[in-house]
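K.L.:
Numbering-wise (our numbering), the first sequence opens with residue 7 and increments by one. Okay, here's the structure, questions in a sec.
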Amino acid sequence: MSNLILPKNHNKLVAIVGPNASGKSDLAVKLAKKFNGEVVSADSRQVYKGMDIGTGKITKEEMQGIPHHLLDIASPKRKFSVAQFQKKAIEAIKKIQKKGKLPILCGGTGFYVQAVIDGIVIPEVKPDWALRKKLEKKTCEQLYQQLKKLDPRRAKTIDKKNKRRLIRAIEIILKTKKRIPSLKKRVIFDTLIIGIKRDKEELKKRIKKRLLRRLKEGMIEEVKNLHKSGVSWKRLEELARIPIYRFVFTGKIRL
RNA sequence: GCCGGAGUGGUGUAGCGGUCUGCACGUUGCUCUGAAAAAGCAAAGGUCCCAGUUCGACUCUGGGCUCCGGCA
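Have a look at this one:
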């Protein structure tokens, strides 16, 4: 086992990206063992407590003693966002670097990885769900006209038909009373990105195998428990875009 | 074996005797400013088979095949 020697306060980061079931978690652990690293998960679903089997969260045994960060840091009852993730991830990565160890960002959610390695500067405006609900009732055209009045520059670049983005833009302006600053990126880490490629058929097989294993492991129990602990069915459905959760809800699945 | 119901993109469905068969999910490509397994844009992809009626059938009729339910 050849351990990498890094100076304290170095700036290195390894990021692993790739499709579902391609073996990112395994690779992350392997690399961590080899290069004296710790893993930082970047998965928008695995941040939630209680969603283990369904999200394919790594188990204690699979971690093989390697510390994993940013798993189980949020309640599924509340919504978690990229901005929250970004802050915590950067914090965790810096801490690992300070110890002279190698942080390994293990992908899952592309946007989350991007937020960290590209250092997208996200406006400091928390989502206002009541406001969003109100704006939701308007048409794209109405929202676009409103945005045009508030911030003509942003209106020029925005996708006129993307309601979600239009709403977010208006939300930022209403809260800050200012126009939206142009997109900035603040790259803070010296990152090596590792992409995993795998044959499609093989991926399918791996996913199927994983699905069957998870059903056995108590997938259905997990969903029941989530609901018992107070996560509404509605919220569960929101979170349940994952095929395996959909299976639990509908009894149908396509592979 | 009999009776009934149904066969429409990869999956689930909608509709109609006559412009391009619509929608959802999935797929592929592109775009991304606190929802990212998201959202938006674009593209590929279909009427089970054979006859008949008709100017014209995905639609109506008959037969075949297959599936589902009920009865034997």
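Note that the Cβ used here is the ideal one computed from N, Cα and C, for glycine as well.
1) Select from P158, T163 and K169 the residue whose C-alpha is nearest the C-alpha of E142.
2) Taking C-beta to C-beta, are I79 and K55 nearer than 9 Å?
3) When you compare each of V193, I194, G62 and I200 to A27 by their alpha carbons, which one comes out closest?
4) Under the rule that 16 or more other beta-carbon atoms within 10 Å means buried, what is E228, buried or exposed?
5) Where DSSP assigns a beta bridge to V20, which residues make up the other side?
6) Could you give the distance in angstroms between the alpha-carbon of A98 and the alpha-carbon of V45?
7) Report buried or exposed for D196, applying the criterion of at least 16 other Cβ atoms within 10 angstroms of its Cβ.
8) Hey, G236 and V23 are a contact pair by Cβ (cut 8 Å); roughly how many whole angstroms apart?
9) Please state if the CB of S47 and the CB of C112 are separated by a distance shorter than 9 Å.
10) With a threshold of 16 other CB atoms inside 10 Å of the CB of Q92, please say whether the residue is buried or exposed.
11) Counting only the same chain and skipping the five closest in sequence on each side, list residues whose C-beta sits under 8 Å from that of V35.
12) Classify G224 as helix, strand or coil using the three-state DSSP reduction.
13) Helix, strand or coil: how does DSSP classify G71 here?
14) Quick check on G116: does DSSP put it in helix, strand or coil?
15) What is the rounded straight-line gap between the Cα of V20 and the Cα of R192?
16) A89 to L137, Cα distance in whole Å?
17) Indicate whether S50 and F86 have their beta-carbon atoms separated by less than 9 Å.
18) Less than 8 Å between the CB atoms is what I'm expecting for P25 and L209, so what's the real figure, rounded?
19) What would DSSP say about S47, mapped onto helix, strand or coil?
20) Can you tell which of H75, A95, I176 and I186 has its C-alpha closest to the C-alpha of L153?
21) Rounded C-beta distance between V122 and A95? I'm assuming under 8 Å.
22) How many whole angstroms separate the CB atoms of L108 and F41, which I take to be in contact at a CB cut-off of 8 Å?
23) So for K191, helix, strand or coil by DSSP?
P.N.:
By the coordinates alone:
1) By 1-based counting over the first sequence, the position of residue 142 is 136. Checked all of P158, T163 and K169; the closest Cα to E142 is K169.
2) Along the first sequence, one-based indexing puts residue 79 at 73. Along the first sequence, one-based indexing puts residue 55 at 49. Cβ distance < 9 Å, so I79 and K55 count as in contact.
3) For the purposes of this step, residue 27 is identified with residue 21 of the first sequence, where counting begins at 1. Measuring from the Cα of A27, the nearest candidate turns out to be G62.
4) To locate residue 228, count along the first sequence from 1; it is residue 222. Per the 10 Å Cβ criterion, buried.
5) Taking the first residue of the first sequence as 1, we reach residue 20 at position 14. Answer by DSSP bridge pairing, in chain order: I110 and L198.
6) Residue 98 sits at position 92 when you count from the first residue of the first sequence. Residue 45 sits at position 39 when you count from the first residue of the first sequence. Taking the straight line joining both Cα atoms gives about 10 Å.
7) Working through the first sequence from its first residue, we reach residue 196 at position 190. By the 10 Å Cβ count, D196 comes out exposed.
8) Looking up residue 236 in the first sequence gives position 230. Looking up residue 23 in the first sequence gives position 17. Wrong, their Cβ atoms sit about 34 Å apart, outside the cutoff.
9) As a first step, residue 112 must be located in the first sequence, where it is residue number 106. As a first step, residue 47 must be located in the first sequence, where it is residue number 41. Yes; because the gap between Cβ atoms is below 9 Å, this pair is in contact.
10) Against the first sequence, residue 92 aligns to sequence position 86. Burial is judged here by how many other beta carbons sit within 10 angstroms of a residue's own beta carbon; Q92 has at least 16 and is buried.
11) On the first sequence, residue 35 is found 29 positions in, with the first residue counted as 1. Excluding positions up to five away in sequence, the list reads V45, I64, E68, M69, Q70 and I72.
12) Counted from its first residue, the first sequence places residue 224 at position 218. Residue state, collapsed to three classes: coil.
13) Within the first sequence, the letter at position 65 stands for residue 71. G71: coil per DSSP, three-state reduction.
14) Residue 116 sits at position 110 when you count from the first residue of the first sequence. Helix.
15) Here residue 20 is taken as the residue at index 14 of the first sequence, counted from 1. Here residue 192 is taken as the residue at index 186 of the first sequence, counted from 1. Straight-line Cα distance between these residues: approximately 17 Å.
16) Position 83 of the first sequence, counted from the first residue, corresponds to residue 89. Position 131 of the first sequence, counted from the first residue, corresponds to residue 137. Rounded to the nearest angstrom, the two C-alpha atoms are 19 Å apart.
17) The count along the first sequence starts at 1 and reaches residue 50 at position 44. The count along the first sequence starts at 1 and reaches residue 86 at position 80. Yes.
18) Residue 25 sits at position 19 when you count from the first residue of the first sequence. Residue 209 sits at position 203 when you count from the first residue of the first sequence. 6 Å between Cβ atoms; contact.
19) Here residue 47 corresponds to residue number 41 of the first sequence, with the count starting at 1. Note: S47 maps to strand in three-state DSSP.
20) Sequence index remark: in the first sequence, residue 153 carries index 147 (1-based). The option with the nearest alpha carbon to L153 is I176.
21) As a working mapping, residue 122 is identified with position 116 in the first sequence. As a working mapping, residue 95 is identified with position 89 in the first sequence. Their Cβ separation, rounded to whole angstroms, is 5 Å, which keeps V122 and A95 in contact under 8 Å.
22) Translated into positions along the first sequence, residue 108 becomes position 102. Translated into positions along the first sequence, residue 41 becomes position 35. Confirmed, Cβ separation roughly 5 Å.
23) Here residue 191 is taken as the residue at index 185 of the first sequence, counted from 1. Reduced to three states, the DSSP call for K191 is strand.
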